[in-house]
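Notes to accompany the following structure.
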């Protein structure tokens, strides 16, 4: 190379390096956006958004959140985004959707433009049409949920924790609102939220209503409250006794896990028949949607387990999060293989242990629930013979549209209920091997406790879980979980119940939990006897392979028209099952256009699940359910 060109090349290299450095510095600067949500159009169910974000000339891709935290699926409600308009310096800016990704919108930013205005609307669906909170109603004439992931676009290549957002909300006159982020009322009536990261904003929903009641809880560990909104007159306040139980729940949870306490927590509870009844966790709040009667009907009390379940997720799922679920933004796919920790451990503590320890749910109701879970896995999941528990977690993103029929053969989200039993077994194993000196509670304190450094997320791997368990009890936990999670096993994992001094029994004894599930779903669960699930009108919804119904070639969609020559009714079917043994059970059925008369050889009688004590054994569930050491004067009573 000629010496004449070397100085020129060095100069070019220096200039190029300067450009690259400047570009990198620009990319690392936090993006600052503003978002104004107009949630006043409740009669039409439309929420309007105005977003302002910085930009620079050239190609740019905007993203609509796809992978929503807590939903574990790529189910951002893209079909409900309408009215998208983008402006630059007051002029319309053309956008085009990415042909390979419907959640991405491409624009070309003109020279001289350093910010863009984005306007879009979210259309709350009239009824649920798919998995995910954005695909079910969020707005009624009397209440509205503002979920920011439904309402925004953001730079597709940005980290969600590096984008700063100043948000404001407008709600109907006379309405009130609550959420994890504090709100101040501006002079124009807007509710202004403090600037925060995009990640935290999306994890901080707001609930608004003309009938919104806030109740501060008497817990001592950290400030917590319940905000209840309803779209009709009636139930929208929390009884003092219930506030006391939730206050104890806050304290029991903090005593269990320890570590740095929360600054604040709020349950946002919407009460309406129009909402899809479910709950989802957030960083310092939960979005819980329930039917009327949730707070006033004692027989529904077991449903209150959704409240401790979502609270426990603050530590297990939000703070401690599987490393493949701690993604950089809402477009990066998540891997769900560790949901057996994220959801399974939460099912154990949030739905079983903490509700009883706090007196929120009674011991008897919880025993009924455990019997239901045991029977579901024992007789209602023959798919266990071919499909591992691990596979039910791994496939979550792909199984959104799985129908109810085929659940018995396919399995469902068993990383919830089956892992409840596996974690119970792990708890019993630690208690037995340590002579009662340690328990799974010690693992929770070691593994889940929040640190004082203020970190919002602490990712973990499967190896980290095994390592933490081993530090509590020196045992081959790797083999323990491989056998129960990674390998298909025909038999349900009931060893934890046995070790706790209980056994699963089938008979005529009623199970109120099962009865309430049937009432709420409209599907009668006869899987433990005939091996089928049937709706109120006699349509068979699913059949368990290997059951008497399966042997008779009854399939989902079959209509039961007569029971022992009597016109169909669920009561007559139950009566015929109860007297089984006097002869075959005769059913007249229609499958498509084919009518058949079937004689089913069944003589087992009612097979309703319940838990019975094993004589001569210690009741270890009593120990597990015992509240942790309480401050003086904290009088605990179980719910009745």
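Numbering (my numbering), first residue to last: 15 to 654. Ideal placement from N, C-alpha and C gives every residue a C-beta, glycine not left out.
| Check | Outcome |
| --- | --- |
| Residue 68, enclosing beta strand (DSSP E) - first and last residue | 60-68 |
| Meets three-Cβ-pair contact criterion under 8 angstroms: the stretch 53-64 and the stretch 154-161 | yes |
| Beta-carbon separation (whole angstroms), residue 131 vs residue 51, contact threshold 8 angstroms | Their Cβ separation, rounded to whole angstroms, is 15 angstroms, which puts residue 131 and residue 51 out of contact at 8 angstroms. |
| Pairwise C-alpha distance: residue 432 and residue 556 | 20 angstroms |
| Contact under 8 angstroms by Cβ, residue 616 with residue 562 | yes |
| Alpha-carbon to alpha-carbon, residue 577 and residue 251 | 46 angstroms |
| Spatial distance of residue 75 from residue 237 (CA atoms) | 41 angstroms |
| Close-in-space but distant-in-sequence residues of the same chain around residue 539 (CB under 8 angstroms, 5 per side omitted) | 394, 528, 531, 532, 547 |
| Runs of beta strand (DSSP E) wholly within the stretch 478-566 (minimum 3 residues, chain order) | 516-521, 537-540, 546-549, 554-557 |
| Bounding residues of the alpha helix (DSSP H) (the contiguous stretch that carries residue 363) | It is not in any alpha helix (DSSP H) - residue 363 carries neither H nor E in the DSSP assignment. |
| Proximity to residue 318 [Cα-Cα], best of 308, 327, 326 | 308 |
| Extent of the continuous beta strand (DSSP E) to which residue 474 belongs | 472-474 |
| Classification of residue 245 by the beta-carbon crowding that lies within 10 angstroms, buried from 16 upward | buried |
| C-alpha gap between residue 135 and residue 357, whole angstroms | 33 angstroms |
| Nearest residue (CA-CA) to residue 342, options 550, 83, 73, 114 | 83 |
| Bridge-paired residues (DSSP) for residue 295 | 300 |
| Cα-Cα separation, residue 372 to residue 567 | 47 angstroms |
| Boundaries of the beta strand (DSSP E) in which residue 281 is found, first to last residue | 279-285 |
| Alpha-carbon spacing of residue 284 relative to residue 126, whole angstroms | 46 angstroms |
| Sequence-distant residues of its chain with Cβ nearer than 7 angstroms to residue 230 (five each side left out) | 239 |
| DSSP three-state assignment for residue 105, whether helix, strand or coil | strand |
| Extent of the continuous alpha helix (DSSP H) run through residue 457 | 454-462 |
| Beta-carbon proximity check, residue 194 vs residue 340, cutoff 8 angstroms | no |
| Identity of the residues DSSP links to residue 223 by a beta bridge | 157, 190 |
| For residue 323, the first and last residue of its enclosing beta strand (DSSP E) | Note, residue 323: premise wrong, no beta strand (DSSP E); alpha helix (DSSP H) at 320-326. |
| Three-state secondary structure (DSSP) of residue 116 | strand |
| C-alpha gap between residue 484 and residue 363, whole angstroms | 20 angstroms |
| For residue 212 and residue 177, the rounded distance between their alpha carbons | 5 angstroms |
| Distance CB(residue 96)-CB(residue 161) smaller than 8 angstroms | no |
| Heavy atom of the ligand PLP within 7 angstroms of residue 633 beta-carbon | Of the ligands one can find in the structure shown there are none, so the ligand PLP has no counterpart to examine. |
| Outcome for residue 642 when other beta-carbon atoms lying within 10 angstroms are tallied against a minimum of 16 | exposed |
| Closest Cα partner of residue 480 within the set 190, 232, 492 | 492 |
| C-beta contact flag for residue 192 and residue 226 at 8 angstroms | yes |
| Residue-level contact to chain C via CB, residue 280, 8 angstroms cutoff | Checking the listed chains, one finds no chain C in this structure; it contains a single protein chain. |
| Endpoints, beta strand (DSSP E) assigned at residue 428 | No beta strand (DSSP E) holds residue 428; the alpha helix (DSSP H) holding it covers 428-447. |
| Burial state of residue 189, where buried means 16 or more other Cβ atoms lie within 10 Å | buried |
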